[in-house]
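Residue numbers (this note's numbering): 117 to 218.
Glycine included, every Cβ here is placed at the ideal spot set by N, Cα and C.
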């Protein structure tokens with residue numbers, strides 16, 4: 117059982133991890149605290165990602181490449197796909213950005 121846990125803990129970031137990272141990046145500037153202490157974002161843009169590929173680069177770090185596009189809250193369509201990269205590291209059970217790349 118401990119081998120299974122070890123394998124799960126060293127697995128590379130997946131497409132859902134990259135999507136969550138991009139949502140946080142895009143919504144962050146629009147977020148403000150609500151009365152209950154949670155963050156709330158009104159009129160925030162949307163983001164889509166595709167083609168996420170993450171490779172180990174030493175230790176617990178992973179270099180990830182993917183494409184992203186955003187759509188403003190009042191826009192009718194998403195913008196063009198653009199290449200992006202980021203370096204992530206697993207800390208305390210969460211993926212953290214080590215190098216935001218581009």
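Proximal residues to residue i (C-beta, below 7 Å), its chain only, five neighbours per side dropped
i: residue 150; result: 156
For residue j and residue i, believed in contact at Cβ under 8 Å, the rounded distance
i: residue 165; j: residue 134; result: 5 Å
i: residue 168; j: residue 203; result: About 13 Å; that fails the 8 Å criterion.
i: residue 163; j: residue 138; result: 5 Å
First and last residue of the uninterrupted alpha helix (DSSP H) at residue i
i: residue 133; result: 131 to 143
Test item: CB-CB of residue i and residue j under 8 Å
i: residue 161; j: residue 187; result: yes
i: residue 201; j: residue 181; result: yes
Chain-order list of residues whose beta-carbon lies under 6 Å from that of residue i (same chain, five-residue window excluded)
i: residue 159; result: 189
i: residue 197; result: 183 and 185
i: residue 147; result: 155 and 157
i: residue 206; result: 176
i: residue 217; result: 201 and 202
i: residue 131; result: 168
i: residue 209; result: none
Continuous beta strand (DSSP E) stretch holding residue i: start and end
i: residue 171; result: 162 to 174
i: residue 183; result: 177 to 187
i: residue 191; result: That residue, residue 191, is in no beta strand (DSSP E); it is neither H nor E in DSSP.
i: residue 198; result: 198 to 207
i: residue 157; result: 155 to 157
i: residue 149; result: 147 to 149
i: residue 215; result: 210 to 215
Contact set for residue i: own chain, Cβ-Cβ below 8 Å, skip 5 residues either direction
i: residue 212; result: 204, 205 and 206
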